[in-house]
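I have placed the structure first, in the form of structure tokens, so that the comments after it can refer back to it.
Numbering (the numbering used here), first residue to last: 188 to 490.
Structure follows, in structure tokens:
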């Protein structure tokens, strides 16, 4: 399913989790792994130049020139050596599992170069940690729901390829949750979930969330702005009863229909899934549900 997997590497705890996930997926699907690290030698050089104006007077031009050369050598060669060591770790793990491996070492601004490389190549799946070194150092490797590091956030927003955001060291398996809303993207997500479940011997729970409250609140809000004559004209009381009936029963039937269709798709592939229908604000209900069920993987369409 995924022939070429791209994993972003920065030696953070989440990067290491991402590597392990990439290895497990590649082992199941016979994929090639490309590990990429971006280092910013020129950025460090610019920072060094910016600080020169703040140095004491004893640092004359001759001393500064010497320091510039030392700093340039250490940064350019040192960062490159460190970065290569990050990729060597992945290469050795791939070799031990006979997984084809391609290292990618790029100098520049991290999110800019990562996006350029992803867009220029035919990777099928992008894997990266929810946060990187900055968050790991400040928070001892602990993520919070909804927190994405700046690099991950920019990658998610600027690529179209499938992306797996890694938040913990839980291996893929056990139960998977896939979100269904009737869109083509959600049914594509179901296809991917079935492939993962078959490969990792996992269960699938398809969930769908409908929101009756927005429509009800919006409709009832009209009572505050419509005049008595307008209410009579629209036969407002009758419309209100009809509206509640349509929303309360109609939306529920529509979203249950999406889950029933998901069942049919799975059975056509000789796979049984569970289904759960929820009501409320979509994002809130999904987060509450996965907090209880604790799936190893949440799969949702980009749109």
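No residue lacks a Cβ here, since even glycine has one placed at the ideal position from N, Cα and C.
Around residue 219, the same chain offers 191 and 287 as residues with beta carbons nearer than 6 Å, after the five sequence neighbours per side are excluded.
Per DSSP, the unbroken beta strand (DSSP E) holding residue 222 starts and ends at 219-226. Inside the region 436-475, DSSP marks whole beta strand (DSSP E) runs of 3 or more residues at positions 461-466, from first to last along the chain.
Assigned with DSSP and collapsed to three states, residue 482 falls in coil, not helix or strand. Between residue 364 and residue 382, the C-beta gap is not smaller than 7 Å, which leaves the two residues out of contact. The shortest C-alpha to C-alpha distance from residue 296 to any of 273, 341, 468 and 283 is the one to 341. Comparing C-alpha distances from residue 201 to each of 454, 339 and 387 shows the shortest one belongs to 339. Taking one beta carbon from each stretch, the region 461-478 and the region 309-319 have fewer than 3 pairs nearer than 8 Å; the two do not touch. Counting only the Cα atoms, residue 440 lies some 42 Å from residue 195. A Cβ-Cβ contact shorter than 7 Å links residue 189 with residue 312.
Contact check for residue 468 and residue 368: beta-carbon distance about 13 Å, past the 8 Å limit, so the pair fails to qualify. No Cβ-Cβ contact shorter than 7 Å links residue 389 with residue 486. Rounded to whole angstroms, the Cβ separation of residue 358 and residue 211 is 6 Å, and the two are in contact under 8 Å. Boundaries for residue 380: no beta strand (DSSP E) harbours it, while the alpha helix (DSSP H) harbouring it runs 371-387, taken from the DSSP string.
Note on residue 269: under 16 other CB atoms within 10 angstroms of its CB, so exposed under the neighbour-count rule. By alpha-carbon distance to residue 396, the top candidate from 471, 387, 214 and 452 is 471. Annotated three-state conformation of residue 304 is helix, per DSSP. Bridge partners of residue 290 according to DSSP: 222. Going by DSSP, residue 335 is part of no beta strand (DSSP E) at all; its letter is neither H nor E. Taking every protein chain shown into account, the CB of residue 305 has 16 or more other CB atoms within 10 angstroms, so this residue is buried. Following the DSSP letters along the chain, one finds residue 206 inside the alpha helix (DSSP H) bounded by residues 200-216.
Per DSSP, reduced to three states, the secondary structure at residue 285 is coil, with no helix or strand assignment. In terms of Cα proximity to residue 384, the closest of 197, 193, 216 and 206 is 216.
Your pair residue 207 and residue 224 does not check out as a contact, with CB atoms roughly 17 Å apart and the cut at 8 Å.
With a threshold of 16 other beta carbon atoms within 10 Å, residue 373 meets it and is buried. Take the alpha-carbon of residue 334 and the one of residue 414: they are about 46 Å apart.
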